[in-house]
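Residue numbers (this note's numbering), protein chains in the order written: chain A, 1 to 252; chain B, 253 to 504; chain C, 505 to 756; chain D, 757 to 1008. Don't be surprised by glycine CBs; every beta carbon is placed ideally from N, CA and C. Since we're looking at a predicted model, the values are computed, not measured. Remarks on the structure that follows.
Protein chains: 4
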Amino acid sequence: MTELAPLGRRITAEAVGTAALVAVVVGSGIQAQQLSQDVGVRLLANSLATVFGLGVLIVLLGPISGAHFNPVVTLAAWWTGRTTGDGPAPREVLGRVGAQIVGAVGGAVLANAMFAKPLVSWSTHERFAGHLWLGEVVATAGLVLLVLGLVRTGRTHLAPIVVAGWIGAAYWFTSSTSFANPAVTIGRAFTDTFAGIAPSSVLAFIGAQLVGTVVGLGLLAALFGHRADADESVIAPHGEPEQRDVTRSTRH
Amino acid sequence: MTELAPLGRRITAEAVGTAALVAVVVGSGIQAQQLSQDVGVRLLANSLATVFGLGVLIVLLGPISGAHFNPVVTLAAWWTGRTTGDGPAPREVLGRVGAQIVGAVGGAVLANAMFAKPLVSWSTHERFAGHLWLGEVVATAGLVLLVLGLVRTGRTHLAPIVVAGWIGAAYWFTSSTSFANPAVTIGRAFTDTFAGIAPSSVLAFIGAQLVGTVVGLGLLAALFGHRADADESVIAPHGEPEQRDVTRSTRH
Amino acid sequence: MTELAPLGRRITAEAVGTAALVAVVVGSGIQAQQLSQDVGVRLLANSLATVFGLGVLIVLLGPISGAHFNPVVTLAAWWTGRTTGDGPAPREVLGRVGAQIVGAVGGAVLANAMFAKPLVSWSTHERFAGHLWLGEVVATAGLVLLVLGLVRTGRTHLAPIVVAGWIGAAYWFTSSTSFANPAVTIGRAFTDTFAGIAPSSVLAFIGAQLVGTVVGLGLLAALFGHRADADESVIAPHGEPEQRDVTRSTRH
Amino acid sequence: MTELAPLGRRITAEAVGTAALVAVVVGSGIQAQQLSQDVGVRLLANSLATVFGLGVLIVLLGPISGAHFNPVVTLAAWWTGRTTGDGPAPREVLGRVGAQIVGAVGGAVLANAMFAKPLVSWSTHERFAGHLWLGEVVATAGLVLLVLGLVRTGRTHLAPIVVAGWIGAAYWFTSSTSFANPAVTIGRAFTDTFAGIAPSSVLAFIGAQLVGTVVGLGLLAALFGHRADADESVIAPHGEPEQRDVTRSTRH
Chain A
1 MTELAPLGRR ITAEAVGTAA LVAVVVGSGI QAQQLSQDVG VRLLANSLAT
51 VFGLGVLIVL LGPISGAHFN PVVTLAAWWT GRTTGDGPAP REVLGRVGAQ
101 IVGAVGGAVL ANAMFAKPLV SWSTHERFAG HLWLGEVVAT AGLVLLVLGL
151 VRTGRTHLAP IVVAGWIGAA YWFTSSTSFA NPAVTIGRAF TDTFAGIAPS
201 SVLAFIGAQL VGTVVGLGLL AALFGHRADA DESVIAPHGE PEQRDVTRST
251 RH
Chain B
253 MTELAPLGRR ITAEAVGTAA LVAVVVGSGI QAQQLSQDVG VRLLANSLAT
303 VFGLGVLIVL LGPISGAHFN PVVTLAAWWT GRTTGDGPAP REVLGRVGAQ
353 IVGAVGGAVL ANAMFAKPLV SWSTHERFAG HLWLGEVVAT AGLVLLVLGL
403 VRTGRTHLAP IVVAGWIGAA YWFTSSTSFA NPAVTIGRAF TDTFAGIAPS
453 SVLAFIGAQL VGTVVGLGLL AALFGHRADA DESVIAPHGE PEQRDVTRST
503 RH
Chain C
505 MTELAPLGRR ITAEAVGTAA LVAVVVGSGI QAQQLSQDVG VRLLANSLAT
555 VFGLGVLIVL LGPISGAHFN PVVTLAAWWT GRTTGDGPAP REVLGRVGAQ
605 IVGAVGGAVL ANAMFAKPLV SWSTHERFAG HLWLGEVVAT AGLVLLVLGL
655 VRTGRTHLAP IVVAGWIGAA YWFTSSTSFA NPAVTIGRAF TDTFAGIAPS
705 SVLAFIGAQL VGTVVGLGLL AALFGHRADA DESVIAPHGE PEQRDVTRST
755 RH
Chain D
757 MTELAPLGRR ITAEAVGTAA LVAVVVGSGI QAQQLSQDVG VRLLANSLAT
807 VFGLGVLIVL LGPISGAHFN PVVTLAAWWT GRTTGDGPAP REVLGRVGAQ
857 IVGAVGGAVL ANAMFAKPLV SWSTHERFAG HLWLGEVVAT AGLVLLVLGL
907 VRTGRTHLAP IVVAGWIGAA YWFTSSTSFA NPAVTIGRAF TDTFAGIAPS
957 SVLAFIGAQL VGTVVGLGLL AALFGHRADA DESVIAPHGE PEQRDVTRST
1007 RH
């Protein structure tokens, strides 16, 4: 953790980054809702704005806090790093998750304010159904697999484009439009607009996201092997990550 | 092949990657169909989701299996590597192709489930016409040429963006919307939604894709020369691929 | 400043770059307005064209002038560099801002001419409301934070993609569609088309942008620390910027 | 020229690349026309497919021929290289331009065939007006400036993304939707579909493109200085292009 910024700035970055992310998601949803009658066009705008915004935020704040902006990423980082000492300590996990939730709510309020809506209006958009939860499991499992897969292969510098790209795809191919983030899910309950989720639907979504996290960790082990077993050559040394790994990508 | 993961994980990666790819293609098609009445908007969403998803999957799984996700890529890799020993052995080709097909079907079923559709419903979307087959020949020839052209010039690290970009273009400029993949074609028969293909149309599509593979190998020889003849300087050594090659791109 | 081009070419680049940027913004707005009745589709086209155009212009002219194209970026560069001597001198600030404004007006006139409109027609599009100003504060604060955050972490080579990506998101998630640039705001008053802004709304927008600049500088200090306090290791030496910083992005 | 492929393969690559480019432009236009009634959605699809396709083709064929696909780029390369011996010889210029034109016509015919249209049908789409010619001047000047600006600063490895991005913007912000290429203009006369141009409009478009080439060369001198005058430090040595130049981009 010593390579990142000091703890106070890490927590600040998680709050600011998550706030900005939710402001992007909610704000672009409101704008899209106001400008188009075609729900497909709305989701195109909403998803592309999120791809751009999320990628930029990860670039900006990655060097400060690692740019989690998401409790399941923080939890997965803690879990995979608990034996090696690489992950955040439990106290930091709590601090980050708290900052993410506070930031997410703040971001929703900011988006409401930018569009002259009431600062808080509980969403009335019910999202409560088994197939939506399956969507959240898939979206979150993929996200966790991606982030940790990049860590395992020493390619975290690709996180901005890969994480943003995954969310851009998952907006469309999962039935839930891929919340995949408990803090963002809570924040999106505070706005009765395109991107909102009724408070009564929040808990089940978070449950599905936690299930997805476990699935993602399982896929990680199946695809990348257990770290202890891992051939060292799979873990590229820091400092020269891309060349060796990716060169292999379609070679035999 | 020794630089990739062990065989079991290579096969697993091919199954998981192809499943995720088909889930993206089919799932985003269903979502687009539900949200927009404009078929152009639907295909925009479907194609952009595929660009994002495919690029991400190649980044993630490239270091494990080479990220083929496609029998024609596996076959082409075997063909071009059969004399040098660089390609997969025949047994591995069978294993990969089997995993790709199983994965593709699984991905279609998963997409159906995420959108609360019957797990399997045979597509009723006939795609049976000469001009569509020409589209498949073009799309597949281009794909094979790209993948092997990157290998020949030591730039496989560009595969995620180049392969995804090609498919993004080919969705639109080929009349068949560019299946270009026998496993994915089979998988897409299992869903009676936007991205489906009637089972009776599958075989001819696969035939066209195999023709395209041969055309692509022909173009490869015409453009990049036979490997035996090739000036060694064209094949950049691994580890420093991009700088030398691409710098040349518009210089004289 | 010695690494950039001589002063005359720096000023020329700022004028040409800002002109091209405004021509892109205004011209794509006119085209979109003519081709689609769906305002969402219009803004999609307008925002994507701007993302592409802005990114390209920063790549092209970055080595000449630093590719500010924006008085608040020039001012922020002067402010943060005033003690270290890294920023532009006050006279150069004036020259750049003048060139940006002249360029912006020229770009709007060029766009009008390309679409056979009167060379100048004052916009009648009122954009005068508190929530729009809040949008400008957010958009500009984010822009300033991004540009200076990249400078602080030695990653200005990522500016083309990051700045363009931010504007692409902010077009949608801010209520004002993110002008975030006083020179561009002035230029956009000269066209009574999709991207225009009524002259009577200009001054308040510029005021909001200046407030946003201050907010951005505050966020910079909160997230990246005061430069004097900054651990030297945070400021990557030139020449090897990306590897060290970004590798850290989601590691612990 | 010795770093590229032998002459025969250079010419082949120019023909194949230009054919593929026109197939992408024309084919995606037909598909878009068939799927959407909203002309804005059509141009979005057409422009995004072109961005993807053009970028991929430059990556693929850059190492073979420099990926001109465009007579004005070949001419500009000849002009700027005529004293230093860096450019193509006059005979090669002729060969390339011939290959580009033949390829462009072939690409249009291929696109017509893929969509079951008559192989050749002269376009009836008149594009004959002063403001359209101004659009072509702007689009072509920008293209020439970009390509040669990258050469001058040793960053031709960025050509795929920069050239594709410019065309993506110029599709929208120029009134002519940015043909910017005499060979492609000729090819597009052979299809009476969305992307077509009436034969009677072709010559004036090509004239405007040649004017744009001269304007681009003028801008190049104004922004990057005459090569003879140029401070050597501006021309990065091959092999380490990106780091030094782009790092400077927003620094002072």
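With distances taken from CA atoms, which of the options is nearest residue i?
{"i": "G468 of chain B", "options": "B:L371, B:V399, B:A456", "result": "B:V399"}
{"i": "S627 of chain C", "options": "C:P703, C:A580, C:Y675, C:A509", "result": "C:P703"}
{"i": "A519 of chain C", "options": "C:L565, C:A725, C:L548", "result": "C:L565"}
{"i": "L57 of chain A", "options": "C:L654, C:L539, C:A593", "result": "C:L654"}
{"i": "N937 of chain D", "options": "D:S784, D:L810, D:R798", "result": "D:L810"}
{"i": "V276 of chain B", "options": "A:F194, A:A169, A:L220", "result": "A:A169"}
{"i": "L295 of chain B", "options": "B:T429, B:V454, B:L462, B:H478", "result": "B:T429"}
{"i": "H572 of chain C", "options": "C:A603, C:A643, C:A712", "result": "C:A603"}
{"i": "K369 of chain B", "options": "B:G279, B:L259, B:E388, B:G406", "result": "B:G279"}
{"i": "I197 of chain A", "options": "A:R127, A:G207, A:W133, A:S175", "result": "A:R127"}
{"i": "H478 of chain B", "options": "B:R404, B:D444, B:V463", "result": "B:R404"}
{"i": "H131 of chain A", "options": "B:N364, B:L386, B:T392, B:S373", "result": "B:N364"}
From what residue to what residue does the alpha helix (DSSP H) around residue i run?
{"i": "T969 of chain D", "result": "955-980"}
{"i": "W79 of chain A", "result": "71-81"}
{"i": "L614 of chain C", "result": "594-618"}
{"i": "F173 of chain A", "result": "159-173"}
{"i": "Q37 of chain A", "result": "First-last for Q37 of chain A: undefined, no H or E at that position."}
{"i": "L145 of chain A", "result": "130-152"}
{"i": "R692 of chain C", "result": "686-692"}
Taking Cβ positions only, does residue i come closer than 9 Å to chain D?
{"i": "R379 of chain B", "result": "no"}
{"i": "S568 of chain C", "result": "Per the sequence shown, the amino acid found at residue 568 of chain C is Ile instead of Ser. It does; some Cβ of chain D falls within 9 Å."}
{"i": "T692 of chain C", "result": "Note on residue identity: the sequence assigns Arg, not Thr, to residue 692 of chain C. No, R692 of chain C lies away from the interface with chain D (no Cβ there is under 9 Å from its Cβ)."}
{"i": "G716 of chain C", "result": "no"}
{"i": "L647 of chain C", "result": "no"}
{"i": "F476 of chain B", "result": "yes"}
{"i": "A536 of chain C", "result": "yes"}
{"i": "S704 of chain C", "result": "no"}
Within the same chain, show all residues whose beta-carbon is closer than 6 Å to that of residue i, passing over the 5 residues directly before and after it, in chain order.
{"i": "G851 of chain D", "result": "I767"}
{"i": "F619 of chain C", "result": "I534"}
{"i": "G339 of chain B", "result": "A329, W330, G333"}
{"i": "L724 of chain C", "result": "L649, L652"}
{"i": "V436 of chain B", "result": "V274, A356"}
{"i": "A13 of chain A", "result": "L61, I64, S65"}
{"i": "V390 of chain B", "result": "T426"}
{"i": "N550 of chain C", "result": "S532, G533, A536"}
In chain order, what residues of the same chain lie with their CB nearer than 7 Å to the CB of residue i, ignoring the 5 residues before and after it?
{"i": "G862 of chain D", "result": "A775"}
{"i": "V311 of chain B", "result": "P412"}
So that I know if they touch, is there some Cβ in chain C lying closer than 9 Å to that of residue i?
{"i": "G837 of chain D", "result": "no"}
{"i": "D231 of chain A", "result": "Any reading at D231 of chain A must be qualified, since the residue scores a pLDDT of 41, below 50, and its modelled position is unreliable; the value itself is stated next. No, D231 of chain A lies away from the interface with chain C (no Cβ there is under 9 Å from its Cβ)."}
{"i": "R91 of chain A", "result": "no"}
For residue i, which residues from the same chain have a beta carbon less than 8 Å from its beta carbon, with the 5 sequence-adjacent residues on both sides left out?
{"i": "A328 of chain B", "result": "V396, V399, L400, T465, G468, L469"}
{"i": "V958 of chain D", "result": "T941, I942, A945"}
{"i": "G512 of chain C", "result": "none"}
{"i": "D245 of chain A", "result": "Only weak support is given to the placement of D245 of chain A: the predicted model assigns it a pLDDT of 34, under 50, and the question is left unresolved by the model."}
Does residue i have its Cβ less than 9 Å from a Cβ in chain A?
{"i": "N433 of chain B", "result": "no"}
{"i": "V666 of chain C", "result": "yes"}
{"i": "S679 of chain C", "result": "yes"}
{"i": "S288 of chain B", "result": "yes"}
Are the C-beta of residue i and some C-beta of chain B separated by less than 9 Å?
{"i": "V828 of chain D", "result": "no"}
{"i": "T949 of chain D", "result": "no"}
{"i": "Q965 of chain D", "result": "no"}
{"i": "A77 of chain A", "result": "no"}
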